[in-house]
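Each protein sequence line maps, in turn, to chains V and L.
Taken in order, the first sequence gives residues 18 to 393; the numbers are from this note's numbering.
Taken in order, the second sequence gives residues 214 to 505; the numbers are from this note's numbering.
All remarks here apply to the structure that follows.
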Amino acid sequence: MNLFRPILRTLFAAAFVTSAGFSHAADPLTIGAIEILSGPNAKYGVAIKQGFDLGVEEINAAGGVRGAPLAIAYEDSAGSKEQAINAARQLIGRAKVPLLLGPTLSTEMFAVGPIANQRQTPIIGTSTTAIGVTDIGPFVFRTSLPEADVIPGTLRAARDKLGVKKVAVLYGRDDAFTKSAYDVMKTALADLGFEVLTTETFGAKDTDFSAQLTKIASLHPDAIVISALADAGAGILLAKQALGLPQNVRAIGGNGMNSPKVLEIAGPAADGLLVGSPWFVGKSDPLNVKFIEAYRAKYGSDPDQFAAQAYDTIKIAARALNEARDLSGDAIRDALLKTKFEGVMGAFAFTPDRSPAVVSGVLVLEVAGGKFAILK
Amino acid sequence: MLLQQIINGIVAGSAYALFALGFTLTFGVLKIVNLTYGFYFSAGAYLALFATLHGAPITLALPFAAIAAGFIAVFLDSALLSRLRRQQAPELASLMVTLGATLFLYTGMTALIGSEIQRFPLGLIESAPFRFNGASISLTQIAIVMTAGLLAAGLIGVLRATRTGLAMRAMAENPQAGELMGIDTGAIMRRVSFLCGAIAGASGVLIGLEHNAITPYMGETMALKGFAVIILGGLGDVGGALIAGLLIGLLEALTAGYISSIYKDAVGFLLLVLTLWARPFGLFGRASVRRA
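Below, the structure is given as structure tokens:
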């Protein structure tokens, strides 16, 4: 067994070297990533992987990390907590990676984070926005702006730019994500001085929202603040149109409605919808333009928010790995906390609580003519 | 707002009733709670979606989906239940077979076409609602209400006034006696299965159109409500299902509008519990006679 281990390890590492230029060079420095690469939510994980891979390519072209090429060992969680836990045990225990990226969903992070934390292996979520993710422990980081930062920005823009004062709230009462976003909305609405006319709810499997919206319509709000996943969100927009609520009564959504799926299902009924987003494909700063060109050249399609977050994250991770005094969990953790970075999402640093420190990058998007555009 | 909430309630209630009509008929004649019924509902919606994506107008896609769902129902019924029926297996065995089959079918459908929500193409049916007195109703909603009413009336007519209906009622009463009287019970069962599958399929299309949300599990969600409706209306009672559906729909809309949307789903089931407590055979059910 001992005889074979070095051979196996070399094979394992060689399999994950992404840059051909280093095929003869030193052993790569391999970090782990747990993402949803199969199943119904694979679109998120695949976008993230593409963002990582593009970043790794650029990092290795610029000399790699600590004199070695950087490589990522991927494990598929398929969106299941159990599979994500097994992946983390494999990557930390057997592959002995110094750093983990992912997992894709907040619920997976709540399962995997404690394991990484206990083994003192830093873990960075790129798409985990729920409340409490970084409270798991001192080795759990995230680079995605939490809902608690994105939603207030959206509501402030609605108040200042569109003169929204009186709102009705509609949220999914039996889903952890939509309920958590609702809690953020409730606090933000109070802080920003909105008048809340009514708060209505729906169930995760509901497809009929007419009773709630009829009541909301009778109260004549300026806007409806909605915490829903894409499918229910689209259904609400369609019902809002069918009941004849005026176009100028805006719908304001959380991150769940920041999805092309909403536009696809709701069609013209989505026009006027406002959502907050940490990134947007139409952002015209030079770093973002360069990223989009490189992404299109490599994959032949436009990146989404998840690819952009992953691209910035791998660069942040590479910088921290370079700066760390050694590859122990503590050293990498300290280096991550000190890292300052300018990426496609804007300026980036971690707070002492290991979440993004800078929230100026929040963009408010408006749906117009069936497309997302930056709200002017 | 009251007028609109009453419209919302009647539309939602008609949708429940439309779904429940076939469900209750299956029970009345075949005497089993056939849980695959929810699958016919999902299958109907997907068949029509498939047809419309290939350019068929809804006037063609709807009957196509209904007929295809009817044949699926005949096939599944004979594959799953005819053997159990021949052996006169206990009702619980039939229930478990349909439960297992329906989970298998939903999962298979998800594996085949994915769990992502889909919708009929935009502009398939006029979506601009009719408005009057500050309330609005869409063409699809009118179609759901009309179909539910006409179908219930039609079913009652068939059961009361035709030879097939007489045979169905005889089978509901006592299949052995019916067979001895010269009724081809196998043929009647196939007809009932076809009819139920077609009703489920058509209601899947109409409700899928109304909510713009087609998913493999849409039938499962609907089956829970449908269950409440047929028990409330009296198992096997077509007219009872129509009235119970409308009652639950109206109660839900008025609860959401005037009390709180938190209780919207609970109120239908509360009504069910209270009704069964006071009238164990449903609102219109009679203890000794099984009606079809």
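All residues carry an ideal CB built from backbone N, CA and C; glycine is no exception.
Own chain partners of L:SER328 with C-beta closer than 7 Å, once the 5 adjacent residues on each side are dropped: Sequence-distant Cβ neighbours of L:SER328 in its own chain, meaning closer than 7 Å and more than five residues away, are THR428 and PRO429.
Neighbour flag for L:GLN332 against chain V, beta carbons, 8 Å: According to the sequence displayed, residue 332 of chain L carries Arg and not Gln. Answer yes: the Cβ-Cβ gap between L:ARG332 and chain V drops below 8 Å somewhere.
For L:ILE350: DSSP bridge partner residues: In the DSSP assignment, the residues bridged to L:ILE350 are L:PHE343.
Where the alpha helix (DSSP H) containing V:LYS196 begins and where it ends: Element bounds for V:LYS196: 193-208.
V:ILE140 vs V:VAL157 beta-carbon contact at 8 Å: Less than 8 Å separates the beta-carbon of V:ILE140 from that of V:VAL157.
V:GLY170 vs V:GLY293 beta-carbon contact at 8 Å: Taking 8 Å as the Cβ cut-off, V:GLY170 and V:GLY293 qualify as a contacting pair.
Paired residues, beta bridge with V:SER244 - DSSP: Beta bridge pairing from DSSP links V:SER244 with V:TYR188.
Beta-carbon spacing of V:LEU116, V:VAL82 below 8 Å: It is not a contact, given that the beta carbons lie outside the stated cut-off.
Interface flag, V:GLU217 vs chain L, CB-CB below 8 Å: Taking Cβ atoms only, chain L reaches closer than 8 Å to V:GLU217, which makes this a yes.
Within 8 Å, strictly: CB atoms of L:LEU408 and L:GLY235: Cβ distance < 8 Å, so L:LEU408 and L:GLY235 count as in contact.
Neighbouring residues, chain V, relative to L:MET214 (Cβ below 8 Å): Neighbours of L:MET214 in chain V, taken as residues whose beta carbon is under 8 Å from its own, are THR231, LYS232, ALA234 and SER235 in chain order.
C-beta neighbour in chain V for L:THR239, strict 8 Å: Judged by the 8 Å Cβ criterion, L:THR239 is not in contact with chain V.
Between the CA atoms of L:PHE494 and L:ALA390 - distance to the nearest angstrom: Their backbone Cα atoms lie some 24 Å apart in a straight line.
First through last residue of the beta strand (DSSP E) which encompasses V:ASP93: Looking at the DSSP string, the run of the beta strand (DSSP E) that includes V:ASP93 is 87-93.
Proximity of V:ALA128 and V:ILE148 at Cβ, strictly below 8 Å: With respect to V:ILE148, V:ALA128 sits apart: the two C-beta atoms are not nearer than 8 Å.
Three-state secondary structure (DSSP) of L:VAL224: L:VAL224 falls in the helix class under three-state DSSP.
Closest Cα partner of V:PRO277 within the set V:GLU74, V:GLY154 and V:ALA385: For the residues V:GLU74, V:GLY154 and V:ALA385, the minimum Cα distance to V:PRO277 belongs to V:ALA385.
Beta-carbon spacing of L:LEU275, L:ALA261 below 8 Å: In this structure, L:LEU275 sits near L:ALA261, with a CB-CB distance shorter than 8 Å.
Residue-level contact to chain L via CB, V:THR124, 8 Å cutoff: For V:THR124, the answer is no, since every Cβ of chain L falls outside 8 Å of its Cβ.
Run of the beta strand (DSSP E) containing V:GLU359, from where it starts to where it stops: Run containing V:GLU359: 357-360, per the beta strand (DSSP E) assignment.
9 Å Cβ cut-off: residues of chain V touching L:LEU335: Around L:LEU335, the beta-carbon contacts reaching into chain V at under 9 Å are GLY284 and PRO285.
Residues that L:PRO511 contacts on chain V, provided the C-beta gap is smaller than 8 Å: Chain L is shown only over 214 to 505; residue 511 of chain L falls outside these bounds and no answer can be derived.
L:ASN221 versus L:LEU484: straight-line alpha-carbon distance, rounded: L:ASN221 and L:LEU484: Cα-Cα distance of roughly 19 Å.
Short-range partners of chain V found in the segment 466-490 of chain L, where Cβ spacing is below 7 Å: Flagged, chain order: ALA466, ALA469, GLY470, SER474, ILE475, LYS477 and ASP478.
Collapsed DSSP secondary structure at V:ILE391 in the structure displayed: Three-state result, V:ILE391: strand.
Span of the beta strand (DSSP E) around V:VAL157: Counting along the chain, the beta strand (DSSP E) containing V:VAL157 begins and ends at 157-159.
Cross-chain neighbours of V:SER227 in chain L, by beta carbon under 7 Å: Simply ASN221.
Closest Cα partner of V:ALA256 within the set L:GLN354, L:LEU266 and L:ARG404: Selected option, being the one with the closest Cα: L:GLN354.
The segment 351-384 of chain L: positions lying closer than 7 Å to chain V by Cβ: Contacts with chain V (Cβ-Cβ distance below 7 Å) from the segment 351-384 of chain L involve SER351, listed in chain order.
Residues in the segment 426-451 of chain L having any Cβ partner in chain V nearer than 7 Å: So the close ones are ALA426 and THR434.
Touch test, the segment 307-326 of chain V against the segment 205-223 of chain V, Cβ-Cβ under 8 Å, three pairs minimum: With a cut-off of 8 Å, the segment 205-223 of chain V and the segment 307-326 of chain V do not count as touching, because too few Cβ pairs lie within range.
Spatially closest choice to V:GLY284 from L:PHE240, L:ARG332 and L:GLY283, by CA coordinates: Of L:PHE240, L:ARG332 and L:GLY283, the residue nearest in Cα terms is L:ARG332.
Beta-bridge pairing of V:PRO373 - partner residues as DSSP gives them: Bridge partners of V:PRO373: V:PHE367.
Reduced DSSP category for L:VAL358 - H, G, I as helix; E, B as strand; rest coil: L:VAL358 carries a helical assignment under DSSP once its states are collapsed to helix, strand and coil.
Under the three-state DSSP convention, the category V:GLN264 falls into: Note: V:GLN264 maps to coil in three-state DSSP.
Per DSSP, cross-strand counterpart(s) of V:ALA50: Residue pairing by DSSP places V:ALA50 opposite V:TYR91 and V:LEU118 in a beta bridge.
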